[in-house]
Amino acid sequence: MLNDLTEAEGKALARCRYAVLGTERPLKLDCGVELGPYRVAYQTYGTLNAEKSNAVLICHALTGDQFVAEQHPVTGKEGWWESMVGPGKVLDPARYFIICANVLGACMGTTGPMARDPATGQPWNLRFPVVTVADMVRAQAALLDHLGIPDLFCVIGGSMGGMQVLEWAATYPKRVFAAVPIACAARHSAQNIAFHEVGRQAIMADPEWKGGDYRLHGTAPERGLAVARMTAHITYLSQAALQRKFGRNLQNRNALGFGFDADFQVESYLRHQGSTFVDRFDANSYLYITRAMDYFDLADAHGGVLAKAFTGTTTRFCSISFTSDWLFPTPENRAIVHALNAAAANVSFVEVETDKGHDAFLLDEPEMFRTLSGFLTGAASVRGLS
Amino acid sequence: MSIAAPIRVDLQLIADMIEPGGRALDVGCGDGALLAYLVNFKRVDARGMELSQAGVNACVAGGLSVIQGDADTDLGDYPDDAFDYVILSQTLQATRDPREVLRQMLRVGKRAIVSFPNFAHWQVRVSLVFGGRMPETPSLPYKWYDTPNIHLCSIDDFRALCRDMGVVIERSIVLDSKSRPIHMPPLLANLFGEQAVFMLRR
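Chains as they are written, first to last, in the working numbering: chain X, 4 to 389; chain G, 432 to 633.
Right, dumping it as structure tokens:
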């Protein structure tokens with residue numbers, strides 16, 4: 004399964020572990036397709052204890068990957084959650100066995116639209132089955148089976164990672180001791196679907212996209228993917244943070260240029276975000292993963308009543324939202340808490356005051372760290388973890 | 432918060448009413464002192480609800496299970512009989528609809544434990560009758576214009592409400608101004624009691 008890797012996939016797989024799963028028992032996807040074999044690329048930090056009771060699964064967001072706490076093999080930048088994971092941090096590898104797997108449909112080593120369809124030998128591209136958040140979680144559960152890990156001390160993630168956390172808790176309640184959904188929702192809102200649609204249209208409107216077959220044509224829809232990223236990036240920040248960071252400051256000039264170059268620093272910043280994104284992310288993967296988020300509606304899968312997703316759960320939950328997050332605002336997170344209360348679940352909920360918007364979950368937010376440290380210490384003592 | 436830290440006398444009285452090993456919800460849990468005591472010393476599966484976000488964050492950082500919520504609006508989320516005890520300490524008088532809050536407490540809990548300041552305490556009476564001013568006492572320290580206490584009642588008022596609602600008073604303890612339990616006939620208890628703790632059931 005290691006033929007035809009992209010350069011990025013090759014670099015990623017050289018620096019992490021992977022499992023080829025579904026050879027005997029293919030993965031039954033929500034769309035009805037049976038996928039197999041498929042590859043799951045993952046990274047681990049720390050050591051599984053003898054009781055196998057200290058495993059923590061980190062679920063990454065839309066454009067995240069398994070390189071949580073180390074230099075990224077493609078971008079050379081530091082890991083996306085180094086503020087949370089590492090020696091002396093909230094998730095310390097000296098205490099926990101930390102796993103993060105690249106999600107199904109992504110492009111950092113796990114099977115996605117750029118892989119080849121074993122039936123035809125041709126690249127899947129847009130013929131790859133549409134996957135869901137539940138499918139991503141099924142693939143992670145299969146990985147844990149493969150690793151011989153019966154259950155998790157904690158499943159944690161923000162944004163789409165939080166959706167996976169909720170799916171884990173609903174689908175495999177006995178395998179989840181503690182669940183930490185951060186800055187997320189039990190269903191994707193109309194506004195969020197709308198922003199994703201803008202991003203997808205930007206990609207599909209790029210003439211180099213070629214109906215998804217750009218690799219066969221030797222092209223790349225980089226402009227479309229960059230615009231998608233630029234749009235999305237605005238939704239990750241807050242109005243206040245953008246104003247504080249950039250205001251109306253000009254970029255490398257003293258006066259307006261009376262043209263359409265990047266006059267303003269904020270334009271230059273967004274262009275940079277777009278252009279660096281295309282070096283590490285695949286356009287078709289972006290289509291598939293945004294779709295998975297759009298399709299997410301946990302209540303819908305439980306007769307329209309969210310509380311039913313958590314009936315009888317013994318999992319301990321800690322939900323966190325951020326005051327300036329307008330992508331997954333506090334009421335969306337609170338709806339999850341209300342449903343957990345209705346199921347009489349053990350739940351804590353903290354709203355963190357910050358002007359950093361949705362991205363706050365990735366940043367240095369001491370109140371979030373204090374909350375999680377207290378929650379995990381309490382949960383670990385109940386679990387009997389030293 | 433030290434594990435052996437002493438807690439307020441009225442909280443200790445509440446804690447003493449609770450059987451070990453059950454499930455309790457503390458509505459208006461503040462800094463989580465009672466919750467921590469119940470978890471650590473009574474092996475209670477104790478949860479908290481607190482209006483102030485700062486209080487919630489401090490509780491969760493201390494390892495307690497607490498959500499931000501409002502007694503008036505958020506008890507409705509819980510299913511019937513979710514808890515053995517629902518506790519409301521020194522908060523009933525600050526709710527918008529005390530009767531509905533009590534009803535909800537006794538719906539989601541098999542028992543409700545309520546503590547509140549007595550508005551018929553002699554100091555309150557003296558302040559109003561002879562001073563002609565709204566009372567300010569150790570248990571009611573606010574000015575009339577900034578008090579959160581919008582539904583103050585006396586011990587006898589509370590007993591009357593329980594009668595009216597058909598609620599059974601299993602236990603009641605009246606405390607004097609030094610937080611010592613006093614044993615007097617109801618008429619005197621309503622005069623000398625500064626606060627009271629009631630355990631109720633349906």
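Cβ coordinates follow ideal geometry from the N, Cα and C atoms, glycine included.
Item	Value
Runs of 3 residues minimum, wholly inside the segment 512-561 of chain G: which ones carry the beta strand (DSSP E) assignment?	514-520 and 540-548
Using 10 angstroms around the beta-carbon of Phe313(X), count the other beta-carbons present and answer buried if the total reaches 16, otherwise exposed.	buried
DSSP three-state label for Asn349(X), please.	strand
Helix, strand or coil for Val598(G) per DSSP?	coil
Which of the three DSSP states, helix, strand or coil, is assigned to Arg611(G)?	coil
Could you tell me which uninterrupted alpha helix (DSSP H) segments, each at least 4 residues in length, are contained entirely in the segment 201-228 of chain X, listed from first to last along the chain?	217-220
Which runs of the alpha helix (DSSP H) spanning at least 4 residues fall entirely within the segment 117-159 of chain X, listed in chain order?	136-150
Name the chain X residues that come within less than 7 angstroms of Asp508(G), Cβ to Cβ?	His341, Asn344 and Ala345
Give a yes or no on whether the minimum CB-CB distance between Glu211(X) and chain G is below 8 angstroms.	no
Taking Ala44(X) as the reference, give the member of Met111(X), Ala205(X), Ala97(X) and Pro76(X) with the closest Cα.	Met111(X)
Using DSSP with H/G/I as helix, E/B as strand and the rest coil, what is Ser433(G)?	Low confidence applies here, because Ser433(G) scores a pLDDT of 42, under 50, leaving its location unreliable and the question unanswered by this model.
Shorter than 8 angstroms from the beta carbon of Ser433(G) to some beta carbon of chain X?	Any answer about Ser433(G) is weak, because its pLDDT of 42 lies below 50 and its placement is not dependable; what the coordinates show is given next. By this cut-off, Ser433(G) is not an interface position.
How close, in whole Å, do the beta carbons of Cys157(X) and Val59(X) come, if the pair is a contact with beta carbons under 8 angstroms?	5 angstroms
Taking 8 angstroms as the CB-CB cut-off, is Gln484(G) touching chain X?	yes
From Thr123(X) to Pro332(X), what does the alpha carbon distance come to, in whole angstroms?	44 angstroms
If the cut is a Cβ gap below 7 angstroms, which residues of chain G does Ser351(X) touch?	Val491, Ser496, Val497 and Ile498
Taking the alpha-carbon of Ala346(X) as reference, which of Thr317(X), Phe352(X) and Phe284(X) has the nearest alpha-carbon?	Thr317(X)
By Cβ distance, which residues of its chain are closer than 8 angstroms to Gln125(X), with the 5 residues on each side in sequence left out?	Arg119
Mind listing, in chain order, the continuous beta strand (DSSP E) runs of no fewer than 3 residues lying wholly within the segment 328-372 of chain X?	349-355
Alpha carbons only, please: which of Gly227(X), Asp282(X), Arg232(X) and Gly49(X) is nearest the one belonging to Pro210(X)?	Gly227(X)
Would you call the segment 486-493 of chain G in contact with the segment 454-473 of chain G, where contact means no fewer than 3 C-beta pairs closer than 8 angstroms?	yes
By Cβ distance, which residues of its chain are closer than 8 angstroms to Thr249(X), with the 5 residues on each side in sequence left out?	At residue 249(X) the sequence reads Phe, which differs from the Thr that was named. Excluding residues within five positions, the ones whose Cβ falls inside 8 angstroms are Phe267, Gln268, Val269 and Tyr272.
So, at 8 angstroms on beta carbons, what are the nonlocal neighbours of Ile613(G) in its own chain, with the 5 sequence-adjacent residues on each side left out?	Val605, Leu606, Asp607, Ala620, Phe623 and Gly624
Going by DSSP in three states, Cys321(X) sits in which element: helix, strand or coil?	strand
Can you tell which of Phe514(G), Thr522(G) and Glu531(G) has the C-alpha that lies nearest to the C-alpha of Phe547(G)?	Thr522(G)
Alpha carbon to alpha carbon, how far is Leu330(X) from Ala189(X)? Give it in angstroms, no decimals.	13 angstroms
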